[in-house]
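Mapping the sequence shown onto our numbering, position 12 (from 1) lands on -7, and the numbers just tick up by one.
Here's the structure, in structure tokens; my notes come after.
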Amino acid sequence: MAGQIDVEKNIESKGLEKTLTFDGDPSLNPQNFSQARKILILSIAVLLTTSSTCGTSLASGGAKATLRDFGLPEAYGWEVLPVSIYLVGYFIGNTALAPLSENYGRRPVNLSTIVFYMIWMMACALAPNWAAFNVFRLLNGFFSAGAPATVSGICADLYSDDMRRGRALLWYNMATTLGSTLGPLISGFAVFDNWRLSYWIGLGYGGICFLGVLFLIPETNSRTILDKRAKKIRKTEETDLPRGPHEDDTFIWQNLLTKVLIRPVRMLCREPLVLGSCLYLAFQYSILYIYLQSYSIIFQDIYGFNTGEKGLAFIPIAVGTLSAFPVNILIEHVYLNACSQDSSWTKHHGARRLPAACISGPLIVTSLFWSAWTSRPSIHWSSSVLSGVLYGLGYTLNFNALLNYLVDGYASYASSANAASSLTRQIMGAALPFAAVPMYDALGVGWASSLLGFVAAIMSIIPFLFWMYGEKLLEKSILAQELAREKERECR
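Below is the structure:
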């Protein structure tokens, strides 16, 4: 005991803390990085995200060539399988890797997953047969999840201000859609040479991201920074103190299972706000993967596009996605002006998030009906192509709004709510495209796209229901009540 007291006195005499914080060296805190450095880190993180999500759709442009190369018939279900199986791996990886990044840091998770991502991307390029190719796609999808598992955390590490963090997260959300539109563009032209070229390009893209992370993105997780710093000080000073704030925490796999699997499923079953948000986002997300199949029917069968030109048809979706940034800033500006004038609607639950979600629904409905009834030989192809702008804009606005809405409503349970959202998105994104071609063959382009439009119209009511009943639902929520009790205990 006396020895420990002497150690503590020695620590105090040297100006060291028992529990290390950033007070001793504020420059270590990622939130104190210069604005230029933050933008650089965020840019590399966004690039990494586009590489990850590009892999989801990379198989789409060369699907038929892949089947022919392996001596298989061009059966529709087999064409969809490489995309869907990647999404399955993507979900499993995201589920497992996100908690690891919280406990062991963003940097080791990113660097290790990029290396394995490149290995399995190369394996796809060298696959000897169909079975091996799909196994490699599954593993490629698993390790591609390093980006979505860490980038949202990096945004939170860098920005404490809600507005700045929200804008950083919007760039991340945009990158998830942009990457998916790159896949058919790359593979659509690469297939003219060889379908395997798509994966060599994906490997090169991953290599660029690896170098960016290796040299330009430091560790940003504060708990990891402080824990490592504390260990270094103890080793240098030959003392038992200071300790990192989370250094003595024990990582229990049973808690991980509860956090990433059991609690998200419970929230889906018990929380109407979570269920409604997840189903709405999952349906809108799956539309993009239905487009990977339906665009072949619309632009190749009706308008005679080749695979490369079909890939170009995804560019308007990317344009709409990028348009979400200035539109979101405009919505924020309207909200802040209304707050300064003390407008009554700004005091409403969800006033900051739900307006964007309410706007997004009609945009996507319009996009689907526009595409449905202008995709015919008598109408120029540009009309159908341009409908994608509204889809990209609407989906990105809604994705950003509803995910932030769940974060606002469930606070410390937000990661579980986001895990529930990821679960439903990947399941629907992997499953619904199998029904796309049979649906379009049975109903025709007009009514098949209209069916999606009718479903989208019904689901677009969800944000308005949240506006009317969201506050009451949160008051009755068991989880929200637990959060309220936690806040009361903190205030005492």
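All residues carry an ideal CB built from backbone N, CA and C; glycine is no exception.
Just so you know, these numbers come straight off a predicted model, no measurement behind them.
Original post:
Do the stretch 187 to 204 and the stretch 318 to 334 make contact, defined as three or more Cβ pairs closer than 8 Å?
Top reply: no
Original post:
Hey, would you say the C-beta of Gly375 is under 8 Å away from at least one heavy atom of the ligand MG?
Top reply: Looking at this structure, you won't find the ligand MG or any other ligand, since it has none at all.
Subject >> Chain-order list of residues whose beta-carbon lies under 6 Å from that of Leu178 (same chain, five-residue window excluded) >> reply: Ala171
Subject >> Contacts around Cys250, its chain only, beta-carbon distance under 7 Å, and the 5 residues preceding and following it disregarded >> reply: none
**OP:** May I have the straight-line CA-CA distance separating Phe445 from Leu23, to the nearest angstrom?
**Re:** 33 Å
Original post:
What separation, rounded to the nearest whole angstrom, lies between the Cα atoms of Arg146 and Val366?
Top reply: 33 Å
Subject >> Helix, strand or coil at Val538 [DSSP, three-state] >> reply: Residue 538 falls outside the range modelled here, since the chain spans only -18 to 473, and no answer is possible.
Original post:
Candidates Asp142, Gly434, Asn309 and Leu424: which alpha carbon is nearest Ile268's?
Top reply: Gly434
Subject >> Through-space distance from Asn13 to Lys209, alpha-carbon basis >> reply: 18 Å
Subject >> Top-ranked residue by Cα proximity to Ser161, from Thr217, Val246, Leu273 and Leu9 >> reply: Leu273
Original post:
Going by beta carbon distance, what residues of the same chain come within less than 7 Å of Val255, once the five residues before and after it are set aside?
Top reply: Met248, Leu249, Leu387, Ala398 and Ala401
Original post:
How many angstroms separate the CA atom of Ser32 from the CA atom of Leu166?
Top reply: 13 Å
Original post:
Does the separation of the CB atoms of Asn75 and Trp101 fall below 9 Å?
Top reply: no
Original post:
Excluding the five sequence neighbours on either side, which residues of its own chain have a C-beta within less than 8 Å of the C-beta of Val69, listed in chain order?
Top reply: Leu119, Gly122, Gln407 and Ala411
Original post:
Can you tell me whether Lys328 is buried or exposed, with buried defined as 16 or more other CB within 10 angstroms of its CB?
Top reply: exposed
Subject >> Beta-carbon proximity of Leu163 to Met99, cut-off 9 Å >> reply: no
Original post:
So Gly373 and Val300 are in contact, right, with Cβ under 8 Å, and what is the actual spacing, rounded?
Top reply: 7 Å
Original post:
Leaving out the 5 sequence neighbours to the left and right, which residues in its chain are closer than 8 Å to Tyr85 when beta-carbon positions are compared?
Top reply: Thr205
**OP:** Could you pull out every residue in the same chain whose Cβ sits closer than 7 Å to the Cβ of Ser458, ignoring the five residues on either side in sequence?
**Re:** Glu252
Original post:
Cα-Cα, which of Thr355, Met409, Thr157 and Phe380 is closest to Ser431?
Top reply: Thr355
Original post:
With contact counted as at least three CB pairs below 8 Å, one residue from each stretch, are the stretch 374 to 386 and the stretch 331 to 341 in contact?
Top reply: yes
**OP:** Between the Cα of Ile279 and those of Leu81, Tyr421, Phe415 and Val246, spot the shortest distance and give me the residue it belongs to.
**Re:** Tyr421
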